[in-house]
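S.K.: In my numbering, the protein residues as written are 234 to 671.
Even glycine gets a Cβ: it sits at the ideal position worked out from N, Cα and C.
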C-alpha cells in the first residue's frame, strides 16, 4: 500500500489512513459476541443476553475501541513503510469525503529533526583547572575547629567581637508600633556569621554587657516576612551576656576525635586533601561539561519539534508544582503556571538532547561496560565500604541508567574538547567552590 506523506511545516507531517468499513464492523461484531458470553445483566442468565441487547448497551464503546485500534495499527504500518522517525503521539481526526465502503482519518504528527553539525574545530571552549592548596586545607581545618568550639564568658568590660556568642533582648517598632516577630528576650546569636541582618550585627558589635542601643534597620524588599519587607524599623537592643569562642588546638587529640586512625595532624591534612581533590575533580568536570555542551550547541542547527518542547514544559511544570507542595503551598498541584515561564529552559533541554543523541550515534560515544564500572568505582571510593556502594548501584536499573548518562556526558565532553579550540584557564580553589555553589 502506497502511503502519501504530506509536509505541513518544517517537522510536521500528515498521513491519510483509510480503513474498510467491513473490517471495522466485522471486528465490532466479533468483540460483541465475545462480550455476550461473559456479560452480566439483570433479568438474563450469564451468557444468555441477546446480541441486540449487548449491542445496544456496549455497541458504541466497542466501536470506538475498534476504530482506535485499527487506526493505531494502520498508523504504525504506515510509519514502518515510510521509515519516518516519529516523535510523540499523532493527532487523529476523521476525514470527510472517503471512498464508498471506507472511513478515512488524518494523522498529523512531528518527526525528529535533522541535526546539521558545523565544524567543532571552530568552537571555542574555556577549560578550567584548579588545585587544592595548603590554604584550602587550612580553611577546612578552621571549619572543623569551629564545629567543635566552646564558649566561655568574655572578660568583664570587653566589647562583643566577631565570633562571640551574645545574649540580647530586643524590640523593634515600625512607625512606633510593635510588629509580629519583632521582640525577643534572651536571644542568642553569633556575631559576624550572618545569622542576623547586617544592621543588627553592626549595632551589637562593639557593645558591652549591660549596654543598650537604638538603631534603624531597613528590611530588604525580598525579606521572608512579607509584613515588614521593604520597611524600616527602629530597634532597641540590650546586651545581657557575651561569650568568647574557644577553638580546639589542632593536635593529636582533635585528630582522634575526627576518627583519623593514626591520630596525626599529617594524616588529617592528607585525608582532607584527598576529599577536597575529589570535590575539585567533580566540580571541574561539571563546569567543563557545561562549557563543552554550550560549544556543541553553538555549532548545531536544527528545528525544534513543538511536541517535544511541550512535553518538556509539562515535566518542568509538574516539578515546579511538586516543589511548591513540598514547601507547604496549598493546592500546589493545581497552580496555574504559564508555559512561557518554562519555555526557554524547555527549548534548551530539547535542543541539547537532540544534538547529544545525534552526536552519540554518529561517533559511537555510548557508555561502555568498563567505563560504567570505572565511574561507579570512582563514585564509591569515598565511602567506608565501597563494595557495598558498588552493589547498591548495580542492583537498580534506574541508578545504572543515571550512571550511563553521566558516562555518556563525559564521553561527549572529551570528544568536544578533543575537537574544539580549547583555552586553558586556571582558577583558584575558592573561585571554583563559590561559582559552583552559585
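1) Would you grab the beta carbon distance between residue 569 and residue 546 for me? Rounded to a whole angstrom, and I think it's under 8 Å.
2) Excluding the five sequence neighbours on either side, which residues of its own chain have a C-beta within less than 7 Å of the C-beta of residue 436, listed in chain order?
3) Which same chain residues, not among the five before or five after residue 605, have their C-beta less than 8 Å away from its C-beta?
4) So residue 510 and residue 365 are supposed to be a Cβ contact under 8 Å. How far apart are they, rounded?
5) Taking residue 305 as the reference, give the member of 326, 502, 383 with the closest Cα.
6) What distance in whole Å lies between the Cβ atoms of residue 318 and residue 345, which are believed to be in contact at a cut-off of 8 Å?
7) If you draw a straight line from the C-alpha of residue 334 to the C-alpha of residue 557, how long is it?
8) Kindly indicate which residue of 237, 296, 367, 248 has the alpha-carbon position closest to the one of residue 262.
9) Give the range of the alpha helix (DSSP H) segment to which residue 452 is assigned.
10) With DSSP run on the structure shown, which of helix, strand or coil describes residue 639?
11) Closest to residue 621 by CA distance: which of 609, 237, 630 is it?
12) Alpha carbon to alpha carbon, how far is residue 465 from residue 476?
13) Tell me the DSSP bridge mates of residue 315?
14) Taking its Cβ as the centre, do 16 or more other Cβ atoms sit within 10 Å of residue 234, making it buried, or is it exposed?
15) Between 402, 419, 392, which lies nearest to residue 441 when the distance is taken from Cα to Cα?
16) For the stretch 273-321, list the beta strand (DSSP E) runs that are entirely contained and at least 3 residues long, ordered along the chain.
17) Can you tell me the Cβ-Cβ gap for residue 519 and residue 358, rounded? I've got them flagged as a contact below 8 Å.
18) Roughly how many whole angstroms lie between the Cα atoms of residue 336 and residue 540?
19) Using the three-state DSSP reduction, which class does residue 374 fall into: helix, strand or coil?
20) From residue 422 to residue 479, what does the alpha carbon distance come to, in whole angstroms?
21) Name the residue from 433, 528, 591 whose alpha carbon lies nearest to the alpha carbon of residue 654.
22) What are the boundary residues of the beta strand (DSSP E) that includes residue 246?
23) Among all the DSSP beta bridges, which residues are the ones paired with residue 385?
24) Three-state secondary structure (DSSP) at residue 634?
25) Could you have a look at residue 677 and say whether DSSP puts it in helix, strand or coil?
26) Could you have a look at residue 421 and say whether DSSP puts it in helix, strand or coil?
27) Pick from 618, 537, 593: whose alpha carbon is nearest that of residue 643?
28) Excluding sequence positions up to five away, which residues of its chain have a Cβ less than 6 Å from the Cβ of residue 354?
29) Measuring straight from C-alpha to C-alpha, what distance separates residue 498 and residue 550?
30) Reducing DSSP to helix, strand and coil, say where residue 521 ends up.
31) So for residue 592, helix, strand or coil by DSSP?
32) What three-state label does DSSP hand residue 400 in the structure shown?
33) Between which two residues does the alpha helix (DSSP H) holding residue 610 run?
34) Please identify the residue among 309, 298, 506, 330 whose C-alpha is closest to the C-alpha of residue 369.
35) Count the other CB atoms within 10 Å of the CB of residue 376; is the residue buried (16 or more) or exposed (fewer)?
36) Looking only at its chain, what residues have a beta carbon closer than 8 Å to the beta carbon of residue 658, apart from the 5 residues adjacent to it on each side?
M.R.: In short, the structure shows the following:
1) No, residue 569 and residue 546 are not in contact; Cβ-Cβ is about 14 Å, not under 8 Å.
2) Closer than 7 Å at Cβ, skipping near neighbours: 446, 448, 470.
3) Closer than 8 Å at the Cβ level, and outside the excluded window around residue 605, lie 633, 636, 637, 640.
4) So it is a contact: roughly 5 Å between Cβ atoms.
5) Ranking 326, 502, 383 by Cα distance to residue 305 puts 326 first.
6) Sure, about 4 Å apart at Cβ, within 8 Å.
7) Cα-Cα distance, rounded: 54 Å.
8) Closest option to residue 262, Cα to Cα, is 296.
9) Per DSSP, residue 452 belongs to no alpha helix (DSSP H) and is neither H nor E.
10) In the structure shown, residue 639 sits in a helix (DSSP, three-state: H, G or I).
11) The residue with the shortest Cα to Cα distance from residue 621 is 609.
12) Rounded to the nearest whole angstrom, the CA to CA distance from residue 465 to residue 476 is 30 Å.
13) Beta bridge pairing from DSSP links residue 315 with no other residue.
14) Summary for residue 234: the model assigns pLDDT 47, below 50, so the residue's position carries little reliability; its value from the coordinates is reported in the next sentence. In the assembly as shown, residue 234 is an exposed residue. Its beta-carbon has fewer than 16 other beta-carbons within 10 Å.
15) The candidate whose alpha carbon is nearest that of residue 441 is 392.
16) The stretch 273-321 contains no whole beta strand (DSSP E) run of 3 or more residues.
17) The C-beta distance from residue 519 to residue 358 rounds to 14 Å, too long to meet the 8 Å contact threshold.
18) About 27 Å.
19) Residue 374 falls in the helix class under three-state DSSP.
20) As the crow flies, the alpha-carbon of residue 422 is around 16 Å from that of residue 479.
21) The option with the nearest alpha carbon to residue 654 is 528.
22) That run of the beta strand (DSSP E) goes 245-253.
23) BP columns for residue 385 point to 477.
24) Here DSSP, grouped into helix, strand and coil, assigns residue 634 to helix.
25) Limits of the chain in this structure are 234 at one end and 671 at the other, which puts residue 677 out of reach.
26) Strand at residue 421.
27) When each option's Cα is compared against that of residue 643, the closest is 593.
28) Cβ within range, chain order: 652.
29) Separation of residue 498 and residue 550 (C-alpha to C-alpha, rounded to the nearest whole angstrom) is 50 Å.
30) DSSP places residue 521 in helix when its eight states are reduced to three.
31) In the structure shown, residue 592 sits in a helix (DSSP, three-state: H, G or I).
32) Strand.
33) Segment 602-613, the alpha helix (DSSP H) holding residue 610.
34) Nearest C-alpha to residue 369 among 309, 298, 506, 330: 506.
35) Answer is exposed; the Cβ neighbour count stays below 16.
36) The beta carbon of residue 658 sits closer than 8 Å to the beta carbons of 359, 360, 361, 362 from its chain, once the five residues preceding and following it are set aside; these are given in chain order.
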